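There are 2 protein chains.
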Amino acid sequence: MATLKEIGAELGLSVTTVSRALNGFPEVSEATRAKVQETADKLGYRPNRIAQRLVTGRSGMVGMIVKIKPDMSADQTFFEILTGLTAALSARETDLVLAVDQEDDPVLSYKKLLERDILDGFILNAPVMNDPRVDFLRERGIPFVLHGQDRPEPDYPTYGIDNAAVSADSVKLLSQLGHTRIGLINGELSAAHANDRLAGFMASMAALGLKADAVRNEASLESHGYVQALDLLSRPNPPTAFICATTLIASGVMRAVRDRGLKVPGDVSIMAHDDALPLTRAINFEPALTVTRAPLRDACEPLANILIDHLNGTPARDLQVVLNAELIVRGSTGPAPKEE
Amino acid sequence: MATLKEIGAELGLSVTTVSRALNGFPEVSEATRAKVQETADKLGYRPNRIAQRLVTGRSGMVGMIVKIKPDMSADQTFFEILTGLTAALSARETDLVLAVDQEDDPVLSYKKLLERDILDGFILNAPVMNDPRVDFLRERGIPFVLHGQDRPEPDYPTYGIDNAAVSADSVKLLSQLGHTRIGLINGELSAAHANDRLAGFMASMAALGLKADAVRNEASLESHGYVQALDLLSRPNPPTAFICATTLIASGVMRAVRDRGLKVPGDVSIMAHDDALPLTRAINFEPALTVTRAPLRDACEPLANILIDHLNGTPARDLQVVLNAELIVRGSTGPAPKEE
DNA sequence: CAAAAGACTCAAAACGTTTTGGATTGCGAA
DNA sequence: TTCGCAATCCAAAACGTTTTGAGTCTTTTG
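These protein sequences, in sequence, are chains A and B. If you're matching positions, the first sequence starts at 55 in my numbering and goes up one per residue. If you're matching positions, the second sequence starts at 55 in my numbering and goes up one per residue.
Structure representation (structure tokens):
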């Protein structure tokens, strides 16, 4: 509970000098800086954030709104993001204010939170295509960072992986292994990333002259993977390889393949995109899963830093990061089976 | 962005008067209050929370730390609590700062958050018996409210239901229906409420002279209910009634009962405690489930208010609420089957 | 009719920090 | 000597609110 004034009184210095000493300003001598630092430590000084925020005009809080599905199911990715984000933000003296959105209108929760007038910016996750939240915040000039891409040429900070490239890389690997009938078990198309995966898949299949007629887009569930793979495998010319949106889907697909009496990777190759969630780890599959890998956890620190840099004045065009996922080849992919 | 000063300038009043007019102080005339209110509305005045907090010495933020299990599974109850809590807190101009705890040491996250020195208090949920977080916060004089009971005679604010009574009520109902062999499929004993349920069960069974030898304590999962019920039903003298810790467990128990070719409630009665989670609704069971009911959602507003009242000076002993769950008899319970 | 009581209002201090615009010192250069 | 220039330091203002302690009227009371 020590204050700048108390430190100053202790040393016979002004608050100005104490403040500058502690904040590393150049116009204070090293000798005094050392003394100030020492008594600050001795008195257990911690800057009063509220006072700092009053004078800087910033609240030091950013918002994130969690969209909850009608069934109240917790998105597996949510805790992963939440964990990393709070840690990364707190390293930069920023707090996360969380709100839960159950409204039909996707921007209503943002309006409500903004009315309280205490947030410096927002972190937007799980975007849909042309996300209405983006338009809403952009119109009002509220800073935010988007996790992912919701449109081709954003003029706001974004951070995410190239989801079209994820599909392209996967198709490329499989086609090099000789596969020509490749299935895509995608996530729900309401999500922007699922759109990009689909677009990337269609484009690279077309570029190779392959027919992309084994595509399914549904929720990321084990059961979805199972059902869709079973269905596709009962075709006259079933796919010899599956690209799965998530490891969860992949586990369903693998179960389906085996239920049909087929071998992985002998008869069917399976690969997935891997967010590196602790629940379903690609490495624990039997055989270990070939993946495009981009740990969600890794996105948290960049997201936090991008938003805070943006708040500090860095222009949006310097804060648009699109990474490529890493391709990790493991045992679940192999050469296409010989045609009989 | 209007300030008190601007409103004052507009009307030729001092900031003092404007502040008092808006905050409903008695020493300002109704005429001026009306004028002040009017121009405040006209200018779109919103009090600067940061300035308020600086002068009141409070941050307006309370913390909650979410404990995540090693498998990163999201507790079903978490979103329920989060939703209600943010709403209730924001009604009292308070924000929720969330942190995620993955440490082994249960108090480490609290230490870290306290170091940042910006929280007025904490909301503690999912207590274990003699919760170490309680001891930690109590020692340092940090205000908090506990959702539930972790020890017999707390000297801090608490809010929760009487879990021993939940069991007692359930046992009473079933014994009045003639059941003598009653099973308890409880949650994990690490949770304080599971302890209380167990204690209440043992006590009331003993009071009735009944043998309490069909008790299982494990995670609240459908599969747990299924497995344990199957096991208990294969005994020579199987239970004729089950008390389940959650509706999720109850659904597993019901499946087990039917897999054994038994009828509910003809052969076996089933009841559960119902937190009123949207996922598994007691009323959607076939037959509808008899429950002791205490919606988790209903706890959020009291929790928020208790903590804030406590911060405002209300002593802890006036803020200890123990409610009784409502007993709702539906179709899943019936008279004990006649012994052959 | 004076004094007390009430009704209403205000200036100023306070919260703890950052930042602006000097002020003071010592020292080498003109 | 005097001027300029770093190198240090400081007083005061500012952020927007709440609260304290008085002040000015008007009305009631003895």
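Even glycine gets a Cβ: it sits at the ideal position worked out from N, Cα and C. What you are looking at is a predicted structure, and each value in this text was computed from that prediction instead of being measured.
| query | result |
| --- | --- |
| Close-in-space but distant-in-sequence residues of the same chain around B/I172 (CB under 7 Å, 5 per side omitted) | S113, M115 |
| From B/V375, B/V345, B/T344, B/L67, residue whose alpha carbon lies closest to that of B/E355 | B/V375 |
| Cβ shell of B/M126 (< 8 Å), same chain only, five flanking positions each side left out | Low per-residue confidence applies at B/M126: pLDDT is 47, beneath 50, and the placement is therefore not dependable enough to give any value. |
| Beta carbon of A/L316 nearer than 9 Å to that of A/L287 | yes |
| Cβ-Cβ distance between A/I382 and A/T346 below 9 Å | yes |
| Any C-beta of chain A under 9 Å from that of B/R384 | no |
| First and last residue of the uninterrupted beta strand (DSSP E) at B/R347 | 344-347 |
| Validate contact between the stretch 75-82 of chain A and the stretch 72-86 of chain B using beta carbons, cut 8 Å, 3 pairs | no |
| Element boundaries [beta strand (DSSP E), containing B/E340] | Element bounds for B/E340: n/a, residue is neither H nor E. |
| Straight-line Cα distance separating B/G202 from B/S386 | 28 Å |
| A/A390 to A/D204 span [Cα, whole Å] | 35 Å |
| CB contact check: A/A105 to chain B, cutoff 9 Å | yes |
| Beta-carbon separation (whole angstroms), B/D209 vs A/V151, contact threshold 8 Å | Their Cβ separation, rounded to whole angstroms, is 31 Å, which puts B/D209 and A/V151 out of contact at 8 Å. |
| Neighbouring residues, chain B, relative to A/L350 (Cβ below 9 Å) | What A/L350 touches in chain B: nothing, since even the nearest Cβ is about 11 Å away. |
| Beta-carbon neighbours of A/S113, restricted to chain B and to distances below 9 Å | R103, I104 |
| Assigned exposure category for B/D250 - 16 Cβ within 10 Å defines buried | buried |
| Other residues of its chain near B/M183: CB distance less than 7 Å, five sequence neighbours each side excluded | D204, A246, N249 |
| Chain-ordered neighbours of B/A268 on chain A, where CB pairs are closer than 9 Å | Within 9 Å Cβ-Cβ: nothing; B/A268 doesn't reach chain A, min ~32 Å. |
| With 16 other Cβ atoms within 10 Å as the buried cut-off, status of B/A310 | buried |
| Test item: CB-CB of A/I135 and A/V90 under 9 Å | no |
| Cβ contact (3+ pairs, closer than 8 Å) linking the stretch 236-245 of chain A and the stretch 268-282 of chain A | yes |
| Coil, strand or helix - B/K121 by DSSP | strand |
| Residue from B/A257, B/G111, B/M256, B/R335 with nearest C-alpha to B/L365 | B/G111 |
| Sequence-distant residues of the same chain with beta carbon closer than 8 Å to B/G357, five excluded per side | As written in the sequence, residue 357 of chain B is Leu, which differs from the Gly given in the question. Cβ within range, chain order: L139, A142, I177, V199, H201, Y213. |
| B/P319 vs B/G388 beta-carbon contact at 9 Å | yes |
| 8 Å CB neighbourhood of B/A219 in its chain, flanking five on each side removed | G254, N378, A379 |
| Neighbour flag for B/I122 against chain A, beta carbons, 9 Å | yes |
| Burial state of B/N291 (16 or more Cβ within 10 Å) | exposed |
| Within chain B, partners of A/T140 - CB distance below 8 Å | L152, A153, V154 |
| Per-residue DSSP class, three states only, for B/V188 | helix |
| Under 8 Å by beta carbon: chain A residues contacting B/L178 | Within 8 Å Cβ-Cβ: nothing; B/L178 doesn't reach chain A, min ~17 Å. |
| Residues that DSSP places opposite A/F296 in a beta bridge | A/G237, A/I324 |
| Proximity test, Cβ basis, 9 Å: B/E169 and chain A | yes |
| C-beta neighbour in chain A for B/K96, strict 9 Å | no |
| For A/R205, three-class secondary structure by DSSP | coil |
| Residue from A/S323, A/I122, A/G306, A/A299 whose Cα sits closest to the Cα of A/D329 | A/A299 |
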